[in-house]
Every structure is written in C-alpha cells, then in structure tokens.
Amino acid sequence: MAASVFARVGARFATRYRVRVCVGVRVGARVGVRAAAACAGVLALGACTVGYQADVRNDTAQPIGVAIVHASGSGQPNSLAMQRIAPNSRGQVVRYGVPSDWTIYLEADAQGNPGWPVRYDLKPGLNVVRVTQDGNVPTGKLHIEQVDR
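Structure follows, in structure tokens:
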C-alpha cells in the first residue's frame, strides 16, 4: 500500500513538472515512472539504523542512573534509554533504530557525584562497561571503563 502511494505521488510530481528522475529518463515513459517510484521509495526509507546495547556493571556502593544519550547538533543531549542499577549489580540499557550517523554515548551519574556525569562513547552493538567510584564512598568521583568480554 505505502509503495503504491509513493509511486503515485512521485509519478504525478515528475509528470507535472517534467523533471528527470534518478536515471535521467524523462518521466512519462513507463520506465521513467518506475524509476521515479523506486527513487521515492528509497528516499522514504531514510538512512540506515543501528542498535546500541550497554551491559553495565555497577561496582559502587550506591545506585546509579545510566542512559544512552544522543549528542544533538544544538548541544542539548537527548536521552534515548535510561536504567537505574542497584549497588554491586548489573543492568542493561538498549536502544535500536538509531540513525547510523548520530553520535551516541553512555552517561552515568549517582546522587553524591561531585562532578558532571561521566560519559563513554558507545559503538554499535554490545558494549560491556564497569562503573566505579573513587574510594568507594558516595562522594567519590565516578569512572567508566570497558570490560573485555
């Protein structure tokens, strides 16, 4: 159904404005209509998407909040998925369908963290990380490090 709608809209636009579409064939010919429909379908699909999964080990003495975050061009971070992880336990944060050209990172924070939330650049697929805290006290600075699988 959706493909036929895109084909009709693309063909009408191309026929009305007599534009050359994709392969340089003037629309109006049967081949040109098919080329316009194929191009409209490809453009409607958009960019490729990827998934991010973070297996987080909380090696601190307090609960932490972790989030998969998109660093947008405006400078405002956008949380895509969040999870609260209990002390000395594990949790996962997962987000699928993320455009492949986005910059994605994992952010972790705790109630008594004296500085900014810590960040770790994520790669598409599974990322296994460990969150630790200086001195293992609630006011110690947080750290994220990669764990070999």
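With this note's numbering, the residue at position 129 of the sequence shown is 197, and numbering never jumps.
Each residue gets a CB set at the ideal place from its N, CA and C atoms; glycine is no exception.
DSSP three-state call for residue 208: helix, strand or coil?
-> Here residue 208 is taken as the residue at index 140 of the sequence shown, counted from 1. Here residue 208 sits in coil by DSSP.
Answer yes or no: does any C-beta atom of chain D fall closer than 8 angstroms to that of residue 205?
-> Any reference to chain D falls outside this structure, which holds one protein chain only.
Reducing DSSP to helix, strand and coil, say where residue 143 ends up.
-> Here residue 143 refers to the residue found at position 75 when the sequence shown is read from its first residue. Reduced to three states, the DSSP call for residue 143 is coil.
Which residues in the same chain have their Cβ closer than 6 angstroms to the Cβ of residue 123, if we skip the five residues on either side of it in sequence?
-> Translated into positions along the sequence shown, residue 123 becomes position 55. For residue 123, where only same-chain residues beyond five positions count, the Cβ hits under 6 angstroms are 160 and 196.
From this set, 211, 194 and 193, which residue's C-alpha is nearest residue 201's C-alpha?
-> The residue given as residue 201 occupies position 133 in the sequence shown. Checked all of 211, 194 and 193; the closest Cα to residue 201 is 211.
Residue 120 burial status per 10 Å Cβ neighbour count (16 or more: buried) = Walking along the sequence shown from the start, residue 120 turns up at place 52. Looking at its Cβ environment, which holds 16 or more other Cβ atoms inside 10 Å, residue 120 is buried.
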